[in-house]
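Each residue of the sequence shown is one higher than the one before, starting from 0 at the first, in numbering that gives the first Met the number 0.
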Amino acid sequence: MKVGIRSVFAALIIAILSSGCAIVKPGEVGVKRRLGKLSEKVLDQGAYFYNPFLTTVIKTPVRTVNLEIELSLPSKEGLNISAGISILYKIDKAKVPTLIENIGTSYEQIIRNVFRSASADICAQFMAKDMHSGQRAQIEGEIVKKMSEILSETGIIIENVLMKSIQLP
0 MKVGIRSVFA ALIIAILSSG CAIVKPGEVG VKRRLGKLSE KVLDQGAYFY NPFLTTVIKT
60 PVRTVNLEIE LSLPSKEGLN ISAGISILYK IDKAKVPTLI ENIGTSYEQI IRNVFRSASA
120 DICAQFMAKD MHSGQRAQIE GEIVKKMSEI LSETGIIIEN VLMKSIQLP
């Protein structure tokens, strides 16, 4: 009977200790939040112990992420062009605590909104046929430039915008 109580107690201690361990995988970083306050220290990959009752570890990917969007883009002649677009972005490791504090973990919604605005502004300056021609790379480059101007302060790095499929009306 004593062995049963000891094993239950040991299992309980192991459960408590393991719940206070965070594994930060390659391609991501972690930031500890203790009693609502974020730490400025960024945790690289590895295992970290923390008090599970007072602290959480927020993990954020810092590798390149592919965000795919389907939307309708305006052209200079007023046509709506259906487009499938990939946004390649990553998060600046040093700015992760600031990003989480100012924007939170739903920063992909911010990227989508900035992209919709920037792409509408840029694409409205080009004819629909230009989106199929050699000017596609120029359009992509200008969208990246405009998005980077807006998002660089937040720690979101736009690596590339790729217009994968364009369907003219």
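A virtual CB, placed ideally from N, CA and C, is assigned to each residue, including glycine. Keep in mind the model is a prediction, meaning the values are calculated, not measured.
With a CB to CB cut of under 6 Å and the five nearest residues on each side skipped, what residues in its chain are close to L78? Reading the sequence shown from its first residue, position 79 is the one you call residue 78. Excluding sequence neighbours, L78 sits near A127 and P168.
DSSP puts A21 in a beta bridge; with which residues? Taking the sequence shown and counting its residues from 1, one reaches residue 21 at position 22. Answer by DSSP bridge pairing, in chain order: Y47.
What are the boundary residues of the alpha helix (DSSP H) that E100 is part of? Start at 1 with the first residue of the sequence shown, and residue 100 comes out as number 101. Unbroken alpha helix (DSSP H) run through E100: V95 to N101.
Excluding sequence positions up to five away, which residues of its chain have a Cβ less than 8 Å from the Cβ of E65? By 1-based counting over the sequence shown, the position of residue 65 is 66. The sequence given here places Asn at residue 65; Glu does not occur at that position. So the qualifying residues of the chain are S85, I86 and L87.
Leaving aside the five residues before and after V118 along the sequence, list all residues of the same chain whose C-beta is less than 7 Å from its C-beta, in chain order. Counting from 1 along the sequence shown, the entry for residue 118 is found at position 119. Sequence check: residue 118 is Ser here, not Val. If we look at S118 and ignore the five residues flanking it on each side, its Cβ neighbours are L72 and I142.
For Q166, which residues does DSSP report across the bridge? Along the sequence shown, one-based indexing puts residue 166 at 167. DSSP output for Q166 lists S81 as bridge partner(s).
State the Cα-Cα distance for the pair F114 and A10, rounded to the nearest angstrom. Position 115 of the sequence shown holds residue 114. Position 11 of the sequence shown holds residue 10. Rounded to the nearest angstrom, the two C-alpha atoms are 50 Å apart.
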